[in-house]
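Residue numbers (this note's numbering), protein chains in the order written: chain A, 183 to 513; chain B, 15 to 341; chain C, 714 to 1145. Ideal placement from N, C-alpha and C gives every residue a C-beta, glycine not left out. Read through the structure below, which is laid out as structure tokens, and then see the notes.
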Amino acid sequence: MREITLSQAVNEALAEEMRRDETVFILGEDVAEAGTPFKVLSGLVEEFGTERVLDTPISEPGFVGLAVGAAMTGARPVVDLMFGDFIYLVMDQLCNQAAKQHYMSGGKLSVPMVLRTNMGATRRSAAQHSQSLQALVAHIPGLKVAMPSSAYEAKGLMKTAIRDNNPVVIFEDKLMYQDKAPVPEEEYLIPFGEANVKREGTDITLIATSSMVQVAEKAAEILSNEGIEAEVIDPRTIVPLDEATLLESVRKTSRAIVIDEGHQSYGVTAEIASRLNEKAFYHLDAPVLRMGAMDVPVPFSPALEDITVPTPEGVVENARKLCAGELIHAA
Amino acid sequence: MAKAKAKTNTEEYLRMYRQMVRIRTFEDNANQLYLSAKMPGLTHMYSGEEAVAVGICEALTDDDRITSTHRGHGHCVAKGAEFKEMFCELLGKEEGYCRGKGGSMHIADQSHGNLGANAIVGGSMGIATGSALRAKLQGKDDVTVCFFGDGATAQGLWYEVMNMAALWNLPVIYACENNGYSEYTRTDEIAAGSITARAEAFGIEAHKVDGQDVLAVNELTQKLVARCRKGEGPFFIELETYRYHGHHVGDINREYYRAKDEEKDWRENRDPITRFRAYLVEQGIASEDDIEAMNAEIEKDAAEAVAYAEAAPYPDVSEVDMHVYAD
Amino acid sequence: MPHDVTMPQLGMAQDAGKIVSWLKSPGDAVAKGDALFEVETDKATMEVEAQADGFLTGVSASAGEDVPVGAVIARISDSAEDDDPAPAAPATEAGSEPAPDDLPEGHPVTMPQLGMAQDSGVLVSWQKSPGDAVAADDVLFEVETDKSTMEVEAGRDGFLAATLAEAGEDVPVGEAVAIISAEAPDTPVARSRAASSAPPPAAPEPAKGDDTPAAPPKAKPPSPTPPVPSTTGRVLASPKARRLALEQGLDLSRLAEAGYPQPFHVRDIETLKTLPDATPAPQGATASRRLVAETATDGLPGFMAWAAEAHGLTDADAILAGLAAASLADPGPVAVERHGQSRTYAGPAARALSQVAESDAAPALTLRDLRGSPLRTVEMGGEDTPVVTLTGGSAGLTITLECSPSQMDAQTAIRLLTEFAGRVEQPLRHLL
């Protein structure tokens, strides 16, 4: 199968959906000729013109608000939010407006829009361009949240998001834009709420999102050499969450580590760990561990930044302890 | 009173009068429901501002969209909503426009192009402008009117969306209902400079109109809507008007921000319904008897709708997690 | 049609308003918009206008009174001589509040505080009547909080001179609910709290039409006490290891006694299985009787649902214990064991399942419920009491009784298992 980058996969998904449905359009800062700073959208404006690939002023609340209104009246906008950190700027439009219209109107209005943005540290971009804020939006009923872990997922999830009748936020890992993965030529969609078992194992389940899927896979490789077989699962969407697949795996392995690049406290890892605890308690042979980013603003210095996010070595160490029955964090 | 056009407008004039009385009657009943502790939550009365909603909405079709505010009952009635579904919504009943999930501050009536009331001040400015962007992208000729109050002119969102609307000539009309008070504060205490000048700074044509004169409002809006349809938007209108009640029902001791004499003056000398009624009689468009009969019929409609809503069932509890996500 | 004049709701958190003055007199003609009366709330003073033309009639609240919002205080009628009965007087009448010396002298008994976060208690019932002589340890009344129901004693000898709340009322902790006097009172007082306390009752829920049922009573069922932890010392083990040990009838504490390091995990279960038999079972507890019954169906789930629906009996273990106790020749406390948790229940000898309650008594029988587990056959050996084990099957249940001859003679064991199997198959038989 051919291999393309995550960037190309997103670009292909958008182009295919824009050809299929003329109500789909893109808006955001420097999306047209510039094709975004990451060049993800390069070439789209040539095919679809500046009306459907619309450069906006640097007015994040403004253009997200426009997308909400356009979506409520019959368009399918895809908003490009240049950095995930800018989510804070658009919270009212996303959480008070987009997320609630369908409910507040008793089902009469809906907001079929996609907000694509990114996440991920270790790009030396410091505290306001490196955050992974998926937990913030996953907390809000009415929003769906997708977290592609490779070019394959990025394309399939984007196409599903555009066809979904709800506001969907997609977080792409900005370190992964140039990573290649096999992506079929023929069209495919990845349904929301279907986790992907990336690697089967019997001793411990590693549940990882987006950037952390690679970390978990590397850890599983190392663990396998030590005789510990880890199962690696990528939920692909955290809202909706494929609880059944996660629970089935944990009931089999009796141990789990949940890994996500958002801050650990009150985060995605906390939510998933808590559900495993509630629903698979009598199958647990060890406490479910969370591994998220440290609870610090992302530092600039490489010496500091690299230790704030989970690494394969850290996952291996924790997995070893759990499998050895060491009492972790207990008095 | 702005100049009347031809006599052929009789029907339109009577309809405008009727719609203004419907709003006033709706609000009188809503106020009573609230005061008698039959209506939960909090609510904001539109009484006094009827000529704004009616003058504008009578210049629109069902395909044209509006976005509304926390003080939104008037916009909703003016855009064609029914009393029954509105009172049901106010009381949180199953047959309400939003199945009881929105209430007074979130009534939406998609069938008449009402994209819903917004309880975040200025919160719908993006939605209205986005609706206009969609119309332009899809080559439709519908127009969107964004209602908001003078208080909302302090929100940054407005300046972001006006900028884009002006850049892209979007068919949106920003209708600022300046009732002189931003919640419990006089507008001149929160707004520097001129409000119309703010729109003009983006190159947006701005108008100021007497919001108590339904014909003046309607005439101006008709012209601006027609120009929007031709791609000449956006526009800004500042409508000078007045709210008879406090910021919300229960805001009763308000002399610290507003004198009783001032309220009396607006009610007695500038009431949009009284003025238009006198005009209709003077022009021979309707007799006092005709008007009394119309008023009585509207009061009866309202009383029946209230009784219906009071007796109507609440939504089943199973609906609580329905409509979080669309299918 | 007369229009009710009500106390207006002026804010979200306002329950009542005080009538400052009436601006119209009964019988006066009024026009829509006329100011009728002046109201004061915590926020402000306002004039309330007439909502219709007519005559002011049926005025039932006077200046100075606190009136709950929504309460009808007058009418506007078509004639001044409207002979509709006046609306009932509002519940709170600051003006008629009795002076403190209206009450007999004596020692107040107050609503006890039973928990840190408890603000009030519901008075369930009075056990004495006003005027009764009481002793210090006599039960005066019964109180229910979110945690429990308890009886409150008089605390001193004397006479119950006054009761200041009625059954069903919620009383803030620390507030007097009774007065005990030294001498027999001449005129004992019985009063409801609503009538005797100054703060007005909560406003009616908004938007309550005639079609709306009244708010449910505030009574809260006492929550069950938390499961009693094992008294034999704590063993640290993973949830899964505990579950497997239970399912296989293994005792994790034997691993601890043998010196293996805790916490125990699934792999330790294998070690536990290989341990030599523990110290001999207590004398006489060696099982030598093992009886097995099979039923065609499991009648329990249906019966539990019926008991919950028809009688509000929601503690399935209590019902199970009741069925087992009734099968004993000499009914006694029954311990129900499931998922490693054990609760003991006792009830009266009569077959009243509703009266089976948790108990601290030593059980006469252990009922081990392994329905839902993969286990089908058990042979566990002797234990401190006779043990009845329920295991599931494709349709019915397998019921195993294990006991030592010293615990139960043959006839008693046969009767126990036969009776119990019958009850499990057709629980309704229990009621006949």
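- DSSP, read as helix, strand or coil, puts histidine 321/A in coil.
- In the displayed model, serine 905/C falls within coil according to three-state DSSP, outside both helix and strand.
- Taking C-alpha positions only, serine 61/B is separated from arginine 38/B by approximately 6 Å.
- Listed in chain order, the alpha helix (DSSP H) runs fully inside the region 83-138 of chain B are 87-92 and 97-104, counting runs of at least 4 residues.
- Taking the Cβ atoms as the reference, alanine 1077/C lies roughly 7 Å from valine 1047/C, within the contact range of under 8 Å.
- For proline 952/C, the enclosing alpha helix (DSSP H) has its first and last residue at 952-960.
- For valine 246/A, the chain B residues whose C-beta falls within less than 8 Å of its own C-beta are Gly140, listed in chain order.
- Sequence-distant Cβ neighbours of aspartate 870/C in its own chain, meaning closer than 6 Å and more than five residues away, are Ala848 and Ala849.
- Between asparagine 300/A and glutamate 376/A, the C-beta gap is not smaller than 8 Å, which leaves the two residues out of contact.
- Contact annotation for tyrosine 48/B against chain C: Gln722 [CB-CB distance below 7 Å, chain order].
- Counting of Cβ neighbours within 10 angstroms places glutamate 99/B among the buried residues, the total reaching 16 or more.
- Among the residues of the region 968-988 of chain C, those with a Cβ less than 7 Å away from any Cβ of chain A are Pro976, His978 and Val979, in the order of the chain.
- Contact with chain B is absent for aspartate 203/A, since none of that chain's Cβ atoms lies less than 8 Å from the residue's Cβ.
- Nearest Cα to leucine 181/B within the set Tyr464/A, Phe245/A, Gly409/A and Leu466/A: Phe245/A.
- Serine 773/C and isoleucine 789/C do not touch by the CB rule: their CB atoms are close to 14 Å apart, not below 8 Å.
- Within the region 944-966 of chain C, those residues whose Cβ lies closer than 7 Å to any Cβ of chain A are, in chain order, Ser951, Pro952, Lys953, Ala954 and Arg956.
- The region 95-110 of chain B and the region 271-282 of chain A do not touch, with fewer than three beta-carbon pairs separated by less than 8 Å.
- Membership of aspartate 303/B in the alpha helix (DSSP H) is indicated by the continuous run 302-325.
- The Cβ-Cβ distance between tyrosine 334/A and phenylalanine 220/A does not fall below 8 Å.
- Here alanine 897/C has Phe872 as same chain residues with Cβ atoms under 6 Å from its own Cβ, once five neighbours each way along the sequence are excluded.
- In the DSSP assignment, phenylalanine 245/A falls within the unbroken alpha helix (DSSP H) covering 242-254.
- Neighbourhood of glycine 127/B in chain C, by CB distance below 7 Å: empty, with the nearest CB roughly 29 Å away.
- Taking a C-beta distance under 8 Å as the contact criterion, proline 239/A and asparagine 192/B do not qualify as a contact pair.
- Here the alpha carbon of proline 989/C sits roughly 28 Å from the alpha carbon of serine 436/A.
- Interface residue (Cβ-Cβ distance to chain C less than 8 Å): aspartate 467/A is classified as such.
- Taken in chain order, the members of the region 252-269 of chain A whose beta-carbon sits within less than 9 Å of a beta-carbon on chain B are Ala252, Ala253, Met254, Thr255, Gly256, Ala257 and Pro259.
- The region 743-751 of chain C makes no contact with the region 320-332 of chain B: fewer than 3 CB pairs, one atom from each, lie closer than 8 Å.
- When DSSP assignments are scanned along the region 442-505 of chain A, the uninterrupted stretches of beta strand (DSSP E) that are 3 or more residues long and fall wholly within it turn out to be 471-475.
- Excluding sequence positions up to five before and after valine 948/C, its CB lies within less than 6 Å of the CB of Leu965, Ser966 and Ala969, all in the same chain and listed in chain order.
- Between isoleucine 312/B and aspartate 275/B, the alpha-carbon positions lie close to 30 Å from each other.
- If you draw a 10 Å sphere on the C-beta of phenylalanine 463/A, you find fewer than 16 other C-beta atoms in it, and that means exposed.
- Contact annotation: the region 217-234 of chain B touches the region 62-69 of chain B, with at least three C-beta pairs closer than 8 Å.
- Per DSSP, the continuous alpha helix (DSSP H) segment holding aspartate 275/B begins and ends at 274-283.
- In this structure, DSSP gives serine 894/C an extended state, which the three-state scheme calls strand.
- By the neighbour-count criterion, in which 16 or more other beta carbons inside 10 Å mark a residue as buried, phenylalanine 482/A falls on the exposed side.
- Chain order gives the chain C residues near serine 436/A as Lys953 and Val979, where near means a beta carbon separation below 7 Å.
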